[in-house]
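>
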Amino acid sequence: MKALRLTLALITALPLLAMAANGMTKIEDIAYTPQAEGGRGSVIIKLASPINEIPELTIKDNMVQVSVPGTFVWPKIEKNISVGSADATLMAYQFNKDLVRVRTVLPYSLQGREKQVSLVVGENSVELTFPVEQSRKTASAPIAAPKAKKNSDQNYDTKYLEKLLSDKELKQIAAEANNRIELKAGDKKAVSAQAANQQDEVNVTLSATDKDVNAPFSIANYLGKFVAFLGLVLLVFYAAATLMKKGVLKKGKLGFLNSTKPVEVLSTTFIGPKRSVLTIKANDQIFLVGSSESGLQLISELKNPAGFLKEGERKIAGDNFDTQLRTTPEKEFRLKETVSANREAAASDLNLDSFLDSKTTSKVKDKVRFSDQIKSKVKNLKPLQ
């Protein structure tokens with residue numbers, strides 16, 4: 081835990097050290113001090129060292145802003161104060177890399193009294209003075225006119241007169257309200273026009289560090305950053321190793337994926353007293369083992385583990401790409417071309433045999449006919465006497 085706290089402290093302090101090394105002044109605190117004379121108040125900005133540039137003062141309705149260049153503040157400062165009899169807000173925040181804005185949000189408007197706001201730069205402080213508006217006195221209830229003593233002789237009806245007076249007062253109040261609304265609308269238009277001219281935004285192109293062109297190249301800054309980064313990485317590894325030694329990070333929590341059983345007994349079949357047959361699965365192989373008093377004896381190895389486990393697995397796995405070719409059953413099939421060729425060869429053999437048979441029979445018939453002709457001629461010969 082100490083190492084983690086030290087790491088967080090280093091990470092927080094590095095930006096502050098870098099800004100202080102660049103010659104920037106830190107804003108330590110802001111405070112409000114009321115002045116006894118003249119109904120004025122002061123906001124004092126406390127600096128760690130004197131500043132070289134003049135702050136910029138901006139007034140917008142009920143907000144007074146002081147832009148202090150060449151300074152930095154960390155963390156952001158925000159306070160709630162009492163100005164007169166109302167609440168106000170003080171805040172100081174980092175606008176960009178070398179500018180801090182200090183804002184005072186008052187509960188009343190300074191429109192038309194901008195000249196009464198002053199800014200004084202001291203040695204280690206900046207004092208902002210502005211007029212303080214006291215709480216408005218509540219309007220006293222109208223004093224009722226003393227009722228005239230009733231004269232027994234003359235009784236006057238004053239209801240109509242009172243109605244006219246009340247209508248006149250209502251019209252006057254409505255006119256004052258309309259004037260206030262018009263003044264507020266004019267103030268809003270002026271504030272919007274001023275805001276259009278000066279927008280509160282961060283320019284990214286100006287946020288880079290200013291580099292001197294003629295300054296010599298120095299590798300010390302890069303080495304310092306590299307050493308700081310390397311030290312941070314080593315601290316993280318050291319913290320992780322310390323947590324593992326203390327048992328916060330256990331090895332069993334990291335090995336949650338190692339749930340595969342290397343060897344598993346699938347089934348046990350008893351065939352006699354103290355004799356049984358076991359089916360054991362080791363990785364992708366299944367063995368049939370006999371168990372007796374003498375121990376375990378290997379009977380055989382099943383050649384179709386998928387079919388043994390589940391018929392559906394066998395259908396999904398298939399045997400088209402079986403690596404054990406010697407155990408793959410041979411399939412007997414005949415191609416169509418081979419069958420047609422065999423048929424044509426058989427037909428040609430049959431035609432040749434019939435042709436040869438016809439030739440032999442024709443020769444025999446010719447021989448028979450020739451012998452018959454000789455015999456007939458011999459019979460027709462006359463005896464020589």
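All residue numbers for the sequence shown refer to this note's numbering, where the first residue is 81 and numbers rise by one.
Beta carbons: idealized from backbone N, C-alpha and C, even for Gly.
Does the beta-carbon distance from THR209 to SER122 come in below 8 Å?
Contact flag set, yes.
> Using CA coordinates, which residue listed in GLU373, GLU344, SER189 is at the minimum distance from LYS354?
Here the closest residue by C-alpha is GLU373.
> Under three-state DSSP, which class holds VAL200?
Of the three classes helix, strand and coil, the one that applies to VAL200 here is strand, per DSSP.
> Secondary structure at ARG260, three-state DSSP: helix, strand or coil?
Residue state, collapsed to three classes: helix.
> Around the Cβ of LEU346, are there at least 16 other Cβ atoms within 10 angstroms (buried) or fewer (exposed)?
Label assigned to LEU346: exposed.
> Flag this pair as yes or no: are the beta carbons of GLY150 and GLU133 separated by less than 8 Å?
Going by C-beta atoms, GLY150 is nearer than 8 Å to GLU133.
> So, are the CB atoms of ARG120 and PRO211 less than 8 Å apart?
Cβ distance < 8 Å, so ARG120 and PRO211 count as in contact.
> Alpha carbon to alpha carbon, how far is SER380 from ASP364? Give it in angstroms, no decimals.
Distance between the alpha carbons of ASP364 and SER380: 15 Å.
> Got a sec? Which residues, its chain only, sit under 7 Å from LEU368 by beta carbon, not counting five neighbours each side?
Around LEU368: VAL357, THR359, ILE379, SER380, LEU382.
> What separation, rounded to the nearest whole angstrom, lies between the Cα atoms of GLU108 and SER205?
Each residue's Cα considered, the two are about 10 Å apart.
> With distance defined between alpha-carbon atoms, name the residue in LEU250, VAL197, LYS361 nearest to LEU389.
Ranking LEU250, VAL197, LYS361 by Cα distance to LEU389 puts LYS361 first.
> Helix, strand or coil: which one does DSSP assign to ASP452?
Helix.
> Give the DSSP-derived three-state secondary structure of ASN384 in the structure shown.
Correct three-state label for ASN384: coil.
> Which residues mark the beginning and the end of the beta strand (DSSP E) in which ALA362 is found?
Element bounds for ALA362: 355-362.
> Tell me whether the beta-carbon of ALA172 lies closer than 8 Å to the beta-carbon of VAL201.
Not closer than 8 Å, so no.
> Could you check if ARG193 is buried or exposed, using at least 16 other CB atoms within 10 Å of its CB as the buried criterion?
Flag for ARG193 reads exposed.
> So, is MET104 buried or exposed, given that buried needs 16 or more other C-beta atoms within 10 angstroms?
Buried, since its Cβ has 16 or more Cβ neighbours within 10 Å.
> Please report the distance separating the alpha-carbon of LEU376 from that of PRO385.
Taking the straight line from one Cα to the other gives about 21 Å.
> Please confirm whether ILE131 and ILE110 have their CB atoms less than 8 Å apart.
Not in contact: ILE131 and ILE110 (Cβ atoms no closer than 8 Å).
> Would you kindly report the start and end of the unbroken beta strand (DSSP E) that includes GLY304?
No beta strand (DSSP E) holds GLY304; the alpha helix (DSSP H) holding it covers 300-326.
> Assuming the contact rule is C-beta atoms closer than 8 Å, ASP141 and SER189 should be a hit. Round their C-beta distance to whole Å, please.
ASP141 to SER189, Cβ: 5 Å. Contact.
> Measure the Cβ-Cβ separation of LEU170 and LYS159 and say whether it is below 8 Å.
Their beta carbons are under 8 Å apart, which means LEU170 touches LYS159 by this criterion.
> Just to check my reading of the structure: VAL185 and ALA168 have Cβ atoms closer than 8 Å, yes? What is that Cβ distance to the nearest angstrom?
6 Å between Cβ atoms; contact.
> In whole angstroms, give me the CA-to-CA distance for MET324 and LEU312.
Rounded to the nearest angstrom, the two C-alpha atoms are 19 Å apart.
> Pick from VAL180, ARG181, GLU207: whose alpha carbon is nearest that of PRO114?
Selected option, being the one with the closest Cα: GLU207.
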